[in-house]
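Here is the structure we will look at, set down as structure tokens.
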Amino acid sequence: MLDHERNRSKRWHSGLNGERWSVSEITYLIECGNSKTLRELSTTLERSYHSVKAMRHRLCLGKRKNYRFWEKNEIDFLKSNAGKMVCRDIAKHLGRSQQSVKGKAEYMGLSLVCIGEHSPTAIHSDEDVLLCRELRTAGMSLKLIAEKMEMSLGSVLSIIYGGRMTQQDRVMLEFDLGKN
Numbered sequence: 039m040l041d042h043e044r045n046r047s048k049r050w051h052s053g054l055n056g057e058r059w060s061v062s063e064i065t066y067l068i069e070c071g072n073s074k075t076l077r078e079l080s081t082t083l084e085r086s087y088h089s090v091k092a093m094r095h096r097l098c099l100g101k102r103k104n105y106r107f108w109e110k111n112e113i114d115f116l117k118s119n120a121g122k123m124v125c126r127d128i129a130k131h132l133g134r135s136q137q138s139v140k141g142k143a144e145y146m147g148l149s150l151v152c153i154g155e156h157s158p159t160a161i162h163s164d165e166d167v168l169l170c171r172e173l174r175t176a177g178m179s180l181k182l183i184a185e186k187m188e189m190s191l192g193s194v195l196s197i198i199y200g201g202r203m204t205q206q207d208r209v210m211l212e213f214d215l216g217k218n
């Protein structure tokens, strides 16, 4: 039965010769596996591109040598500060690159967008924004709100008509997205 399965698999993969890897080939792959490209390795070893790629993966050679696994305290810090700190500051605090932080946040489903008073471009606090909205729903005119809050009319217009989100808006948005 084993011979039958072997023959069938050889027919299925007619282009592959299925030779075992020799010790010298594996040694060469370990020595040069991270310094040369897969194409160079496959021509030198006279093996297919995919065969060399698979063996590199089995030997764990495809990983970067300077890669650090994420520790629990780093993940907790990222969870607690996502959306509150800018990605650059999180990366600096953790001693990682911005791409590493962005990739981990995306993998975990976290948003790094700073909304509300945590945004570096925020001028007014979330309480001021909510108060402006409440005054408008109470029927107060835009000019009067601008005078009372000591803001420009443009800022009040931007706040009331959706140009400025608060942390409450962010929570509601994430809740709505989670439902769908």
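Numbered per the working numbering, the sequence shown spans residues 39 to 218.
Even for Gly, the Cβ is constructed at its ideal location relative to N, Cα and C.
- The beta carbon of isoleucine 128 is closer than 8 Å to those of Phe115, Leu116, Asn119, Ala120, Val139 and Leu150 in its chain, skipping five residues each way along the sequence.
- In the three-state reduction of the DSSP assignment, alanine 129 falls in the helix class, which pools H, G and I.
- Between leucine 191 and lysine 181, the C-beta spacing is below 8 Å.
- Across the structure, isoleucine 64 and arginine 94 are spaced so that their CA atoms are roughly 9 Å apart.
- Distance from leucine 76 to valine 90 at the Cβ level is roughly 6 Å; contact confirmed, criterion being Cβ atoms closer than 8 Å.
- Within the same chain, Cβ atoms closer than 6 Å to the Cβ of threonine 204 are found at Gly154, Asp164 and Val167, the five residues on either side in sequence being excluded.
- The residue among Ser196, Glu112, Leu148 and Ser135 with its C-alpha nearest the C-alpha of isoleucine 161 is Ser196.
- Separation of the CB atoms of leucine 132 and glutamate 112 is rounded to 5 Å, and the pair is thereby assigned contact status at 8 Å.
- The beta carbon of arginine 174 is closer than 7 Å to those of Ile183 and Ile198 in its chain, skipping five residues each way along the sequence.
- Here DSSP, grouped into helix, strand and coil, assigns methionine 123 to strand.
- Distance from serine 73 to serine 80 at the Cβ level is roughly 15 Å; contact not present, criterion being Cβ atoms closer than 8 Å.
- Per the coordinates, the alpha-carbon of isoleucine 68 lies some 16 Å from the alpha-carbon of histidine 88.
- If you look at methionine 93, you'll find it in the alpha helix (DSSP H) that goes 87 to 96.
- About 6 Å separates the Cβ atoms of cysteine 152 and valine 124, confirming a contact at the 8 Å cut-off.
- Burial check for arginine 58: the Cβ neighbour count within 10 Å stays below 16, so the residue is exposed.
- The beta carbons of histidine 156 and lysine 130 sit no closer together than 8 Å.
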